[in-house]
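Residue numbers (my numbering), protein chains in the order written: chain G, 5 to 114; chain W, 2 to 887. Below you'll find the structure, written out as structure tokens, and then a few comments.
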Amino acid sequence: MEPKASQALRSLLANKGIQKAVRIDLRFSGCCDSSLSLYLDDISESDLTCELDGLKFVIAPEIYQLAGQVSISYVDEPGKKGFVLRPSKTVGEWDGFGVCDLARRAEPGV
Amino acid sequence: MEHYKLFINGEFVEAEDGREFEVIDPGTEAPIATVAQAGKADAEKAIAAARKAFDRGDWSGLTPAERAAKVQDFADQVKRQGLRLALTESMNTGQVISLAGYMPLLCVGFLRNLSLAAVTKFPWEEEIPASGNAFAPGRDFIRREPVGVCVGIVPWNYPMYIAIWKIAPALLAGNTMVLKPASYTPLSALILAEAAKAAGIPDGVFNVIAGPGGELGEILCTHPDVDRVAFTGSTVVGREVMRMAATTVKKVTLELGGKSANIILDDADMDLAVEGALFGSFFHQGQVCSSGSRVLVSSKIYDEFLDKLVKRAESIRVGYQLDQTSHMGPLISKQQLATVERYVELGKAEGAELVTGGRRVEVKGIKGGFYFAPTIFARVDNKMRIAQEEIFGPVLCMIKYDDDEEAIAIANDTMYGLAGGVFSSNTARAERVARAIRTGTMWVNNYHIFSDYCPFGGYKQSGVGREFGLESLREYTQVKRIHVPAMADHKSNLTFKIMSDDKKIAGFSYNCPTAVVAGHGALSSIYKWVVDLGCRRALILTDPGVNKAGLAQLVKNALVDFCVGIYDNISSDPDLGTVDAATEAARDLRADCVVSVGGGSVIDVGKGVCVTLKNGGRMNDYLNFLVLTEPQTPHIAIPTTAGTGSEVTNIAVFTSAGAGRKLFIVDNRIAPNVAILDPRFTITLPRDLTVSTAMDAMTHAVEAMMSILSNQICDGLALHAIRLIKENLPIVVADGRNEKARLNMQLAATMAGWAFTMAQVGLAHGMAHTLGTELHIPHGAACGIVLPKVMRYNVDHATDKLALVAQALGVNTAGMKQRDAALAAADAVEALMKEVGHPMRLRDVGVSEDSLPVYALHALGDTAVIFNARLVTNPNDILELYKQAY
């Protein structure tokens with residue numbers, strides 16, 4: 005995880021006032037490619053967990069098997085602001101091209 | 002195993018760095034081909050080839066018909082490859098063969114249908130008969146030209162078909178293309194490349210590079226030599242494509258995701274609706290952007306519908322895609338399988354009820370493959386993520402609603418707007434609902450119907466632009482407007498004059514089409530004129546006074562059986578409603594000709610009726626300058642005053658309550674076809690009206706001469722009009738029954754009318770219009786009072802013209818300095834006014850001094866002021882003139 009990403013996540017969590025883990029999960033956003041995204045979620049028994057810079061990350065084993073290690077960076081440019089997730093294994097051919105924000109797992113969002 | 006190469010500049014080549022990737026059959030997970038993997042260098046080469054091919058002009062420079070012929074050759078080659086394409090597509094994408102088998106047919110059909118439309122229907126050039134700018138006459142037309150180098154990025158669900166959606170309009174419009182198919186499914190695009198080469202599409206016009214979007218996307222979307230990007234894919238990626246393309250302002254089409262609602266109304270044919278919902282959600286394993294994956298079902302039929310739908314879904318055969326008995330094949334990849342599974346878990350966690358499916362399927366005899374059962378969630382709340390986010394798999398969410406309004410609200414409660422359906426046995430009801438859904442396509446009692454001439458694309462975050470049909474050709478062209486002025490002379494260019502101190506316009510156009518019949522008994526000619534104009538049903542428009550005087554009856558008698566009625570509900574200073582009411586009367590009587598008998602007000606109403614009778618709507622729709630492009634309803638004008646000249650002019654004036662002032666329609670096509678000047682019609686004109694209307698004519702003539710548009714023809718007409726008024730007005734004032742003098746006054750008014758039709762009027766009319774609107778002062782009277790003041794105000798800007806006016810008014814200017822002669826013209830006008838008893842001051846006609854400042858502001862905004870000899874920009878100048886006239 006890049007320092008900027010860590011800082012952005014911590015800031016978002018503080019703003020939302022939520023004490024939950026950050027889940028890396030699949031998300032679909034339309035016609036032909038799923039991608040990885042970040043959600044605030046509870047930890048399930050079967051989840052794989054990891055703590056980085058004081059933040060708890062979780063991922064379902066089947067997603068980890070699919071995506072492998074995931075690097076998280078953050079961009080803040082005109083017209084493009086959010087987290088960029090790059091899996092070590094290909095999830096979709098557009099991996100790393102778009103950005104995502106941090107949503108609650110129960111909230112829809114793209 | 003077959004190996005596919007990239008197609009760049011007419012050749013099949015390996016990637017520059019030698020990389021390749023494998024493509025698998027999702028039904029077996031077995032590799033079926035290797036493909037050269039393009040990197041940035043290959044993308045650069047492809048873009049360069051496309052750029053060179055475009056600039057070379059041997060494709061973009063062909064006529065549309067020539068390009069269409071080549072595209073038809075391409076269609077023939079695609080047809081030849083049909084079986085190979087169908088089988089390859091099925092193996093590569095997981096499309097069941099009963100679907101993939103249609104794909105080549107659909108592709109060939111689209112290529113041929115769009116070629117035909119490009120040649121026979123698409124407006125490559127369009128004439129603009131009325132430009133909408135009355136100040137810059139000339140020829141205006143548009144050409145539709147190719148955009149340039151177009152990038153097409155195609156997804157994996159219908160790679161061949163969606164490639165053709167982009168290739169066909171791009172090439173037919175004269176563009177060149179770089180196509181990037183999805184990395185899962187590049188094979189059909191590369192076979193299409195073979196077909197393009199075999200068809201003789203010139204090198205570089207069509208290029209195909211296969212490689213990961215994450216690596217190629219940036220260069221394809223930002224390269225300065227790319228002019229347009231058409232992307233079909235996810236909203237997340239689409240946003241980034243648009244952002245990148247924006248840095249060089251590329252044209253962009255995006256076809257993104259959807260979460261379309263398939264609405265089952267309570268009166269739907271149940272079996273049809275079940276099949277429609279099934280097809281809408283599970284066709285091609287739900288991997289369709291337009292899937293009706295939210296099925297909204299009326300609470301009245303919910304349970305019965307759900308029961309039937311579940312039974313039907315459980316009868317779907319999931320199997321290997323090349324098995325002809327399979328209804329559904331595999332999902333495209335293990336990643337897509339994992340995504341669908343995650344959403345099923347999410348749906349359960351959100352509290353939706355999984356009623357069937359939700360699991361992988363093992364296909365007998367097949368090892369591996371990404372098969373998933375048709376899945377239905379019931380009791381879904383539209384706020385759930387499974388209802389808001391596109392899953393792109395065979396997962397259907399059933400949502401209950403109580404009434405049509407609630408269904409509409411639920412359907413629209415999504416960030417997407419791509420497609421949708423309504424099932425009902427009542428077409429009117431279904432269409433009412435369809436119209437209320439904010440989405441690009443609505444199917445009624447059907448689903449997933451794509452048609453070559455029917456545009457497809459999204460509202461909201463489902464995308465930008467349209468594919469298919471003439472709309473797609475528009476997307477791949479850009480519009481160039483070409484203007485050639487009527488007069489190529491800077492001295493005749495009204496808009497250039499803004500930056501010049503010399504406001505006088507040198508050139509002019511003489512367009513006064515009215516036929517004039519003048520003399521005692523001229524009325525008799527109307528009988529032939531009606532026939533010559535092709536009419537049989539003439540409506541007489543007049544005012545109550547003229548009607549009461551028996552003049553309308555004279556005309557009726559002259560028309561014999563051609564007269565269908567007399568309409569006399571017209572007052573002076575008519576408003577827009579007066580025209581509309583008269584038009585309604587004309588429609589009721591099925592009039593095909595208007596005969597206006599009266600003063601300027603009646604004739605102006607006649608002009609308005611001719612326009613609205615011909616074109617429909619209300620008079621308020623036509624208050625424009627020079628926009629009519631066809632002859633209007635025929636109009637014969639018989640003036641009963643000698644003033645406005647409306648019988649020959651191209652202008653009609655109406656009071657607008659909305660604007661709080663007089664507004665105009667100006668158009669050569671509203672000049673009456675015929676003007677009948679029969680002096681018998683002015684014999685009974687009362688003295689004060691004779692005088693005030695004469696001053697209107699005088700003001701027309703003098704202002705036309707002073708106008709920045711004045712010219713030799715207008716001057717000739719104006720000067721003779723002035724002479725006639727000077728000589729004959731005192732005669733008719735003394736003896737109203739002098740026919741010769743009355744005719745001369747009519748001719749003066751007509752000639753003055755022609756003069757100002759060419760040259761316009763000026764400040765005096767601007768001031769008079771304001772007084773007419775605000776205080777209903779007779780137009781001629783207001784004109785007469787302010788005219789001499791305006792003449793003096795303009796003296797240094799129309800000195801030569803005013804000196805001629807003085808002569809026409811009988812002033813002996815021999816030996817006078819020109820400026821003095823010009824000033825003498827104003828004096829002569831005042832002398833004439835005194836002689837005939839015309840009011841000399843504004844206070845004499847009821848104007849209040851306190852209101853003059855407001856009137857000055859209004860007058861400055863009058864269009865007529867634009868043409869005044871002296872530039873008027875300061876309302877205080879006008880106020881001073883009003884005070885002088887007060």
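Glycine included, C-beta positions come from ideal geometry on N, C-alpha and C. Keep in mind the model is a prediction, meaning the values are calculated, not measured.
I want to see whether chain W comes within less than 9 Å of Glu97 of chain G, judged by CB atoms only; does it? It does; some Cβ of chain W falls within 9 Å.
Quick one: does Trp166 of chain W have its CB under 9 Å from some CB of chain G? Interface annotation, Trp166 of chain W: not in contact with chain G, CB-CB separation never under 9 Å.
Residues of the segment 161-186 of chain W whose Cβ lies closer than 7 Å to any Cβ of chain G, in chain order: For the segment 161-186 of chain W, which is checked against every Cβ of chain G, the residues closer than 7 Å are Ala183, Ser184.
With DSSP as the reference, label Pro876 of chain W as helix, strand or coil. The DSSP-derived three-state label of Pro876 of chain W is helix.
Status (buried if at least 16 other CB within 10 Å, exposed otherwise) for Ile786 of chain W: It counts as buried.
Cα-Cα separation between Ala574 of chain W and Thr774 of chain W, rounded to whole angstroms: As written in the sequence, residue 574 of chain W is Asp, which differs from the Ala given in the question. About 8 Å.
Could you give the distance in angstroms between the alpha-carbon of Asp308 of chain W and the alpha-carbon of Ala314 of chain W? Here the C-alpha atom of Asp308 of chain W lies approximately 10 Å from the C-alpha atom of Ala314 of chain W.
Look at the alpha carbon of Phe13 of chain W and the alpha carbon of Thr177 of chain W, and state the distance between them as a whole number of angstroms. Across the structure, Phe13 of chain W and Thr177 of chain W are spaced so that their CA atoms are roughly 17 Å apart.
Check the DSSP bridge columns for Gly418 of chain W and list the partner residues they point to. By DSSP's assignment, Gly418 of chain W forms a beta bridge with W:Tyr460.
Three or more C-beta pairs under 8 Å: does that hold for the segment 361-378 of chain W against the segment 315-326 of chain W? These segments touch.
Assigned secondary structure, Tyr568 of chain W (DSSP; H/G/I helix, E/B strand, else coil): Residue state, collapsed to three classes: strand.
Using Cβ-Cβ distances below 7 Å, what residues of the segment 375-399 of chain W are close to chain G? Those residues of the segment 375-399 of chain W placed with their C-beta closer than 7 Å to a C-beta in chain G are Arg386, Gln389, Glu390, Glu391, Ile392, Phe393, ordered along the chain.
Out of W:Val465, W:Glu585, W:Ile541, state which residue places its alpha-carbon closest to the alpha-carbon of Lys252 of chain W. Between Lys252 of chain W and the set W:Val465, W:Glu585, W:Ile541, the nearest pair of CA atoms involves W:Val465.
Quick one, which of W:Ile129, W:Lys41, W:Val120, W:Ala54 has its alpha-carbon nearest Thr630 of chain W's? Measuring from the Cα of Thr630 of chain W, the nearest candidate turns out to be W:Ile129.
Can you find a C-beta in chain W that's less than 9 Å from the C-beta of Cys104 of chain G? Yes, Cys104 of chain G counts as interfacial toward chain W.
Contacts around Phe626 of chain W, its chain only, beta-carbon distance under 6 Å, and the 5 residues preceding and following it disregarded: Closer than 6 Å at the Cβ level, and outside the excluded window around Phe626 of chain W, lie Ala135, Val667.
Taking 9 Å as the threshold (beta carbon to beta carbon), is Lys335 of chain W in contact with chain G? Yes, contact with chain G.
What are the boundary residues of the beta strand (DSSP E) that Met178 of chain W is part of? For Met178 of chain W, the uninterrupted beta strand (DSSP E) segment begins and ends at 177-181.
Count Cβ pairs between the segment 155-175 of chain W and the segment 64-80 of chain W that sit closer than 8 Å; are there 3 or more? Yes: at least three Cβ pairs fall under 8 Å.
Under 8 Å, CB to CB, which of the residues in the segment 237-265 of chain W have a partner in chain G? Listed by position, the residues of the segment 237-265 of chain W near chain G (Cβ gap below 8 Å) are Val237, Val238, Gly239, Arg240, Glu241, Arg244, Ala247, Glu256, Leu257, Gly258, Gly259.
Contacts of Leu42 of chain G in chain W (Cβ-Cβ under 7 Å): Residues of chain W passing the Cβ test: none, with the nearest at roughly 13 Å.
Using a Cβ cut-off of 8 Å, pull out every chain W residue sitting near Lys84 of chain G, in sequence order please. Residues of chain W passing the Cβ test: Glu241, Arg244.
Please decide whether Ile67 of chain G counts as near chain W, where near means a Cβ-Cβ distance under 9 Å. The beta carbon of Ile67 of chain G sits closer than 9 Å to some beta carbon of chain W.
Which chain W residues are close to Phe101 of chain G, counting only those with a beta carbon under 7 Å from its beta carbon? Per Cβ cutoff of 7 Å: Gly214, Gly215, Gly218, Val238, Glu241.
Consider the Cβ of Ala12 of chain G: report whether some Cβ of chain W lies at a distance smaller than 9 Å. No, its Cβ sits nowhere closer than 9 Å to a Cβ of chain W.
Does the contact criterion of 3 or more C-beta pairs under 8 Å hold for the segment 228-237 of chain W versus the segment 66-85 of chain G? They do not touch, by the three-pair rule.
Given a threshold of 16 other Cβ atoms within 10 Å of its Cβ, counted over all protein chains shown, does Val561 of chain W qualify as buried or as exposed? Around the beta carbon of Val561 of chain W, a 10 Å sphere encloses fewer than 16 other beta carbons of the protein chains shown; the residue is thus reported as exposed.
Just checking: is the beta-carbon of Ala339 of chain W within a distance shorter than 9 Å of some beta-carbon in chain G? Chain G, which has a Cβ nearer than 9 Å to the Cβ of Ala339 of chain W, makes this yes.
Going by DSSP, what residue range makes up the alpha helix (DSSP H) through Lys349 of chain W? Run containing Lys349 of chain W: 335-351, per the alpha helix (DSSP H) assignment.
Provide the residue span of the alpha helix (DSSP H) that contains Val528 of chain W, from first to last. The amino acid occupying residue 528 of chain W in the given sequence is Tyr; Val does not appear at that position. Segment 527-533, the alpha helix (DSSP H) holding Tyr528 of chain W.
Going straight from the alpha carbon of Ala807 of chain W to that of Val675 of chain W, what length do you get? The C-alpha of Val675 of chain W is placed about 32 Å away from the C-alpha of Ala807 of chain W.
Put Lys84 of chain G into one of helix, strand or coil per three-state DSSP. Lys84 of chain G falls in the strand class under three-state DSSP.
For Leu56 of chain G, decide whether its Cβ has a neighbour in chain W, counting only Cβ atoms nearer than 9 Å. With 9 Å as the cut-off, Leu56 of chain G does not count as an interface residue toward chain W.
Between which two residues does the beta strand (DSSP E) containing Val911 of chain W stretch? Absent from the structure is residue 911 of chain W, since the part of chain W shown begins at 2 and ends at 887.
Span separating the alpha-carbon of Ala749 of chain W from that of Ala769 of chain W: So the alpha carbons of these two residues sit roughly 20 Å apart.
Do Leu624 of chain W and Ala587 of chain W come within 9 Å of each other at the CB atom, strictly closer than that value? Taking 9 Å as the Cβ cut-off, Ala587 of chain W and Leu624 of chain W do not qualify as a contacting pair.
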